[in-house]
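Order-wise, the sequence lines are chains A and B.
First residue of the first sequence? That's 36 in our numbering, and the numbers climb one at a time after it.
First residue of the second sequence? That's 36 in our numbering, and the numbers climb one at a time after it.
There are 2 protein chains.
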Amino acid sequence: MRALVFGAAGFVGKHLTEHLQGAGDTVYLAGIRTSGTPVENEFAVDITDAAAVRRVIQEVEPDTVYHLAGIAFVPEAEGDFDRVLSINVGGTAHIIRECHELNARVNFVFASSAEVYGAINAADLPVTESAPARPKNNYSASKQMAELIVERYAREGRVQCSIARPFNHIGPGQEPRFVASNFALQLARIARGEAAPIIRVGNLEARRDFSDVRDIVRAYRLLSTSSGGTFNLGSGKAYSIQYLLDVLIGISGVEVTLETDPERMRGPEVAEVYTSLDKVQSLCGWSPVIPLERSLEDVYRCWFDRLASE
Amino acid sequence: MRALVFGAAGFVGKHLTEHLQGAGDTVYLAGIRTSGTPVENEFAVDITDAAAVRRVIQEVEPDTVYHLAGIAFVPEAEGDFDRVLSINVGGTAHIIRECHELNARVNFVFASSAEVYGAINAADLPVTESAPARPKNNYSASKQMAELIVERYAREGRVQCSIARPFNHIGPGQEPRFVASNFALQLARIARGEAAPIIRVGNLEARRDFSDVRDIVRAYRLLSTSSGGTFNLGSGKAYSIQYLLDVLIGISGVEVTLETDPERMRGPEVAEVYTSLDKVQSLCGWSPVIPLERSLEDVYRCWFDRLASE
Chain A
36 MRALVFGAAG
46 FVGKHLTEHL
56 QGAGDTVYLA
66 GIRTSGTPVE
76 NEFAVDITDA
86 AAVRRVIQEV
96 EPDTVYHLAG
106 IAFVPEAEGD
116 FDRVLSINVG
126 GTAHIIRECH
136 ELNARVNFVF
146 ASSAEVYGAI
156 NAADLPVTES
166 APARPKNNYS
176 ASKQMAELIV
186 ERYAREGRVQ
196 CSIARPFNHI
206 GPGQEPRFVA
216 SNFALQLARI
226 ARGEAAPIIR
236 VGNLEARRDF
246 SDVRDIVRAY
256 RLLSTSSGGT
266 FNLGSGKAYS
276 IQYLLDVLIG
286 ISGVEVTLET
296 DPERMRGPEV
306 AEVYTSLDKV
316 QSLCGWSPVI
326 PLERSLEDVY
336 RCWFDRLASE
Chain B
36 MRALVFGAAG
46 FVGKHLTEHL
56 QGAGDTVYLA
66 GIRTSGTPVE
76 NEFAVDITDA
86 AAVRRVIQEV
96 EPDTVYHLAG
106 IAFVPEAEGD
116 FDRVLSINVG
126 GTAHIIRECH
136 ELNARVNFVF
146 ASSAEVYGAI
156 NAADLPVTES
166 APARPKNNYS
176 ASKQMAELIV
186 ERYAREGRVQ
196 CSIARPFNHI
206 GPGQEPRFVA
216 SNFALQLARI
226 ARGEAAPIIR
236 VGNLEARRDF
246 SDVRDIVRAY
256 RLLSTSSGGT
266 FNLGSGKAYS
276 IQYLLDVLIG
286 ISGVEVTLET
296 DPERMRGPEV
306 AEVYTSLDKV
316 QSLCGWSPVI
326 PLERSLEDVY
336 RCWFDRLASE
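Put into structure tokens, the structure is as follows:
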């Protein structure tokens, strides 16, 4: 398979690239960020530039396009809606339109987000794909809009489109502005004697569906050969942030004091979220296999080793 | 009422302004096009400019905002999605965000379009507001996205939001790229001896829901004081394009030959479309009152008089 990954240099993109290469695909990397050194099969492309997107898709002639590019952090997206619109929605339109224009039928996998569900009611758990999309911020609104673009071209029938709605996914290499990575970095610094044994925390009560990024990217490849549609991806279980922290503290072996950081205490949150896996299991044969504790261990080790090598 | 109209210089905007003034509202006009001469209460504002939108809304402090601005012609929207996105979606986001930021509760009426329904199945007639939105072109996709932005702020509760989904509406002053206005202009030229008695036509079989723009703008004002939500607006009846043409030919009193224009023969179309009026009738007390034949007469007279004064 000739696989073209937009957003290849990001957290998920790197894991996806590794997985696709391991599965024997010929992988072409595209994105605004590149590895810095010239790498074979790598294209520096800003997806807001329609002509640049056209060039790379026409040159690669991919069998499968994975679209992971865009602004992925909610607070960043909140700041500038025009930019989010241009990147997350306009960029998606550029990519899928070029896939649509290719002569061959392309499989297209779009990484949307479970954020599109917005505020989830307890009565709606586990969350299925038929739950209404009710975005509550710019990021999730942009993902919903990008989904609409994908669905429009899906209806035209020339691109085989799958939309993934992953819930929280963690793993080595994730930026420390996300909660598990953040805790792990703080603990690794403490364990190395680089910081006082104090962990700054936000709301620890919220229960979220955490899965491993390596399970998620495995699902993306399975989705690419599915019959299309929208799929929730997650663990199917809810874990409290407190639980993540407790496991990470146990892994680090340090004793810490918790300190509430007002900046991390978000506003009224949904108490609990977890997904149904029925659709993706039955139609794509995917289930997550990596236990959360293993993911957290790897996240911690990644930070510890990185600090050690600095 | 202090009413602020975005897109005031457009076809619908002019009719809305006239209706609001007639109803006693103090009307503020905003838009990228202005009347050309300085007019009281008129603001030249490009809605893609967030700061400019902020200034006019903060200065006017409206009770009600009518948002009619944007690219309204399907083929124009098809050409440049980035531009459509920036104007129709980004512009909407700028306007409603500023309404949301005002201290007072603002009534917001967004002119979306029945185009969001896309291809309508015969079994789904008459079209109700619960029919799925399945945009099939850039214009309708942009309208659906703009609706999502409006719905997001509606959920936050600080703006009273109504979304109008008008079906085809006609009336004096409509640009001649729309079908009824186009026929009327051709016939007026023939009647004045300025053109040969040949009418170029496209597909005459399609049956569409045509109403009068003056009924539509009356609905907009009623929507502004409704409890919010999404409302189809139309005549509730389907008229063939052939019927419109026949009525216009009768009004003009000329004898013509029809000539098929391949450029006007659009691709596979939906045979028949007409809306349910149940929701808007029961919740807003609105029904259209102007007969189609009267609308067509006014459209024809408008062109005839304009040609005469040139």
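From the three backbone atoms N, C-alpha and C, an ideal C-beta is built for every residue, glycine too.
Shorter than 8 Å from the beta carbon of residue i to some beta carbon of chain A?
i         : result
Leu120(B) : yes
Asp81(B)  : no
Met180(B) : yes
Phe116(B) : yes
Ala215(B) : no
Lys171(B) : yes
Gly264(B) : no
Gly125(B) : yes
Ala231(B) : no
Arg190(B) : yes
Ala38(B)  : no
Using 8 Å for Cβ pairs, my map puts residue i next to residue j. What's the rounded Cβ distance?
i         : j         : result
Ile198(B) : Glu182(B) : 5 Å
Leu39(A)  : Val100(A) : 5 Å
Glu240(A) : Ser270(A) : The Cβ separation is near 19 Å, so there is no contact.
Ala215(A) : Val334(A) : 6 Å
Trp349(A) : Leu257(A) : What is shown of chain A runs 36 to 345, which leaves residue 349(A) out entirely.
Leu293(B) : Phe218(B) : Leu293(B) to Phe218(B), Cβ: 10 Å. No contact.
Ala189(B) : Gly263(B) : 6 Å
Ala223(A) : Ser287(A) : 7 Å
Output the distance between the C-alpha atoms of residue i and residue j, rounded to the nearest integer angstrom.
i         : j         : result
Arg248(A) : His50(A)  : For the sequence presented, residue 248(A) should be read as Val rather than Arg. Distance between the alpha carbons of Val248(A) and His50(A) is about 7 Å.
Val80(A)  : His129(A) : 12 Å
Arg140(B) : Asn172(A) : 20 Å
Ala43(B)  : Leu103(B) : 7 Å
Glu298(A) : Gly285(A) : 25 Å
Glu96(B)  : Arg37(B)  : 8 Å
Arg253(B) : Gln221(B) : 29 Å
Gly125(A) : Glu77(A)  : 22 Å
Glu113(A) : Glu136(B) : 15 Å
Tyr255(B) : Thr127(B) : 17 Å
Val62(A)  : Val91(A)  : 13 Å
His204(A) : His204(B) : 48 Å
Ile106(A) : Pro170(A) : 16 Å
Phe213(B) : Phe202(B) : 13 Å
Gln179(A) : Gly45(A)  : 21 Å
Phe266(B) : Leu327(B) : 21 Å
Asp84(B)  : Ile122(B) : 9 Å
Gln195(A) : Ile131(A) : 10 Å
Asp115(A) : Arg336(A) : 35 Å
Phe41(A)  : Arg118(A) : 18 Å
Gln277(A) : Glu191(B) : 29 Å
Arg74(A)  : Ser177(A) : Reading the sequence as shown, one finds Val at residue 74(A) and not Arg. Looking at the two C-alpha atoms, the distance is approximately 31 Å.
Asp98(A)  : Arg329(B) : 56 Å
If we define contact as Cβ-Cβ less than 8 Å, is residue i a contact residue for chain B?
i         : result
Lys272(A) : no
Lys314(A) : no
Ile184(A) : yes
Phe145(A) : no
Arg200(A) : no
Arg187(A) : yes
Ala112(A) : no
Phe128(A) : In the sequence as presented, Phe is not what sits at residue 128(A); that position holds Ala. True, the Cβ-Cβ gap to chain B drops below 8 Å.
Ala87(A)  : no
Ala176(A) : yes
Assuming contact is defined by CB atoms lying nearer than 8 Å, are residue i and residue j in contact in what I supplied?
i         : j         : result
Ala168(A) : Val151(A) : yes
Gly48(A)  : Gly66(A)  : yes
Ser175(B) : Gly206(B) : no
Ile155(B) : Val315(B) : no
Glu133(A) : Arg89(A)  : yes
Asn142(B) : Ser259(B) : yes
Leu268(B) : Arg200(B) : yes
Ile233(B) : Val289(B) : no
Cys319(B) : Ser246(B) : no
Asp296(A) : Val236(A) : yes
Asp250(A) : Val324(A) : yes
Leu283(B) : Leu331(B) : yes
Ala157(A) : Glu345(A) : no
Given 8 Å, three or more beta-carbon pairs between the region 228-235 of chain A and the region 184-191 of chain A:
no
(message) Measuring CB atoms only, is the region 160-179 of chain A touching the region 310-330 of chain A, in the sense that at least three cross pairs come out at less than 8 Å?
(response) yes
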